[in-house]
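Student: Here it is, the structure, as structure tokens.
In the working numbering, the protein residues as written are 278 to 541.
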């Protein structure tokens with residue numbers, strides 16, 4: 278999975294990335310993105326229900342391995358095309374900056390992959406909250422979860438129905454490698470009698486994707502800045518970046534490490 282994402286988004290080709298996937302007749306049924314039925318939580322348990330018509334209105338109901346967005350006139354995704362364009366530059370400094378930015382982003386991803394919960398404060402606690410909801414529903418329903426970032430800092434959370442405290446500090450999210458193993462193990466047991474994966478496997482799959490996609494915003498911003506510099510006809514270039522705090526911080530820290538001065 279790591280090689281797939283790196284090949285797809287960080288300088289490789291779409292065709293090469295897709296060749297790493299198992300797209301056989303056995304696995305194609307699992308390429309559906311949304312089922313017409315769902316398991317609905319009513320506060321006490323799950324029940325099967327048909328989705329509303331509005332929920333079924335999605336552009337592509339299957340994993341888009343045959344139809345997908347890519348850079349215009351290129352066999353790559355947009356971020357890979359940006360990286361390749363800079364690496365073809367005659368400016369050695371720009372090539373070095375592009376390589377350094379790619380390595381930095383992959384290091385961020387590696388750190389988040391090892392411990393998604395500890396790294397989740399950068400993205401507002403969404404991963405931990407989702408993991409609580411899917412894997413520890415009794416705890417999730419019995420605590421105040423309106424501030425996910427605060428939950429990450431707590432060792433325990435007060436019950437809203439009694440005097441007990443839930444030891445949420447002892448709840449961790451498996452690493453991405455552990456999560457991928459869990460998903461693979463469950464895939465081997467899927468059958469007509471057991472047609473779906475567990476809530477844990479499903480939420481871990483979403484976290485795996487999110488770890489990479491979140492950092493793609495930073496990588497794309499860095500590549501775009503370098504491309505603007507490369508195409509500029511003057512040495513004085515002013516670039517304004519409007520993005521969320523976590524993304525602007527990554528871009529700012531990167532250029533500060535490479536000799537750019539901060540000005541308030």
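Each residue gets a CB set at the ideal place from its N, CA and C atoms; glycine is no exception. No experiment lies behind these values; they were computed from the predicted model shown.
In chain order, what residues of the same chain lie with their CB nearer than 6 angstroms to the CB of residue 450, ignoring the 5 residues before and after it?
Tutor: Taking the first residue of the chain shown as 1, we reach residue 450 at position 173. Around residue 450: 393, 394, 408.
Student: When we look at the beta-carbon of residue 391 and count the other beta-carbons within 10 Å, is it buried (16 or more) or exposed?
Tutor: Indexing the chain shown from 1 puts residue 391 at position 114. Exposed, by the Cβ-count rule.
Student: Tell me the DSSP secondary structure of residue 493 in three-state form.
Tutor: Taking the chain shown and counting its residues from 1, one reaches residue 493 at position 216. Correct three-state label for residue 493: helix.
Student: What is the DSSP secondary structure of residue 285, reduced to helix, strand or coil?
Tutor: Reading the chain shown from its first residue, position 8 is the one you call residue 285. Helix at residue 285.
Student: If you check the beta carbons only, do residue 485 and residue 456 fall under 8 angstroms apart?
Tutor: Along the chain shown, one-based indexing puts residue 485 at 208. Along the chain shown, one-based indexing puts residue 456 at 179. In this structure, residue 456 lies closer than 8 angstroms to residue 485 by Cβ.
Student: Quick check: the Cα distance between residue 412 and residue 444, rounded to an integer number of angstroms?
Tutor: Along the chain shown, one-based indexing puts residue 412 at 135. Along the chain shown, one-based indexing puts residue 444 at 167. Residue 412 and residue 444: Cα-Cα distance of roughly 14 angstroms.
Student: Per DSSP, which one or two residues make a beta bridge with residue 434?
Tutor: Taking the chain shown and counting its residues from 1, one reaches residue 434 at position 157. Paired residue(s): 443.
Student: Looking at the structure shown, is residue 535 part of a helix, part of a strand, or coil, going by DSSP?
Tutor: As a working mapping, residue 535 is identified with position 258 in the chain shown. The answer is coil: DSSP assigns residue 535 none of H, G, I, E or B.
Student: Tell me where the beta strand (DSSP E) around residue 519 begins and ends.
Tutor: Position 242 of the chain shown, counting from 1, holds the residue named residue 519. Where residue 519 is concerned, there is no enclosing beta strand (DSSP E), given that its DSSP letter is neither H nor E.
Student: Would you call residue 320 buried or exposed, if buried means 16 or more other Cβ atoms sit within 10 Å of its Cβ?
Tutor: Here the question's residue 320 lines up with position 43 in the chain shown. By the neighbour-count rule (16 or more Cβ atoms within 10 Å), residue 320 is not buried but exposed.
Student: The alpha helix (DSSP H) that contains residue 378, what's its start and end?
Tutor: Numbered from its first residue, the chain shown carries residue 378 at position 101. Looking at the DSSP string, the run of the alpha helix (DSSP H) that includes residue 378 is 369-391.
Student: With a cut-off of 8 angstroms on the beta carbons, I'd call residue 356 and residue 286 a contact; round off their distance for me.
Tutor: Start at 1 with the first residue of the chain shown, and residue 356 comes out as number 79. Start at 1 with the first residue of the chain shown, and residue 286 comes out as number 9. About 5 angstroms; that satisfies the 8 angstroms criterion.
Student: Below 7 angstroms CB to CB, which residues in the same chain sit around residue 507 once its five sequence neighbours on both sides are set aside?
Tutor: Indexing the chain shown from 1 puts residue 507 at position 230. So the qualifying residues of the chain are 363, 366, 368, 371.
Student: Can you tell me whether DSSP reads residue 278 as helix, strand or coil?
Tutor: Residue 278 sits at position 1 when you count from the first residue of the chain shown. Correct three-state label for residue 278: coil.
Student: Would you mind sorting residue 289 into buried or exposed? The rule is 16 or more other CB atoms within 10 Å of its CB.
Tutor: As a working mapping, residue 289 is identified with position 12 in the chain shown. Result: buried.
Student: Just to confirm before moving on: does the CB-CB distance between residue 328 and residue 315 stay below 8 angstroms?
Tutor: As a working mapping, residue 328 is identified with position 51 in the chain shown. As a working mapping, residue 315 is identified with position 38 in the chain shown. Yes. Within cutoff.
Student: Applying the 10 Å Cβ sphere with the 16-neighbour rule, what's the burial state of residue 434?
Tutor: In the chain shown, the residue the question calls residue 434 occupies position 157. Buried.
Student: Are at least three pairs of beta-carbons, each pair with one atom in the segment 496-510 and one in the segment 475-484, less than 8 angstroms apart?
Tutor: No, they do not touch.
Student: In or out: residue 520 buried (at least 16 other Cβ within 10 Å) or exposed?
Tutor: On the chain shown, residue 520 is found 243 positions in, with the first residue counted as 1. Per the 10 Å Cβ criterion, exposed.
Student: Based on the DSSP output, what are the partners of residue 422 in its beta bridges?
Tutor: What you label residue 422 is simply residue 145 of the chain shown in a count that begins at 1. DSSP output for residue 422 lists no bridge partner at all.
Student: Using a threshold of 8 angstroms, state whether the C-beta atoms of residue 495 and residue 528 are closer than that.
Tutor: Numbered from its first residue, the chain shown carries residue 495 at position 218. Numbered from its first residue, the chain shown carries residue 528 at position 251. The answer is yes: Cβ separation under 8 angstroms.
Student: Would you decide whether residue 467 is buried or exposed? Buried here means 16 or more other CB atoms lie within 10 Å of its CB.
Tutor: The sequence position of residue 467 within the chain shown is 190, counting from 1. By the 10 Å Cβ count, residue 467 comes out exposed.
Student: Given residue 324, which residues of its chain have a CB within under 6 angstroms of its CB, disregarding the five upstream and five downstream residues?
Tutor: In the chain shown, the residue the question calls residue 324 occupies position 47. 317.
Student: Count the other CB atoms within 10 Å of the CB of residue 358; is the residue buried (16 or more) or exposed (fewer)?
Tutor: Position 81 of the chain shown, counted from the first residue, corresponds to residue 358. Residue 358 comes out buried.
Student: For residue 357, which of helix, strand or coil comes out of DSSP?
Tutor: Mapped onto the chain shown, residue 357 falls at position 80. Residue 357: helix per DSSP, three-state reduction.
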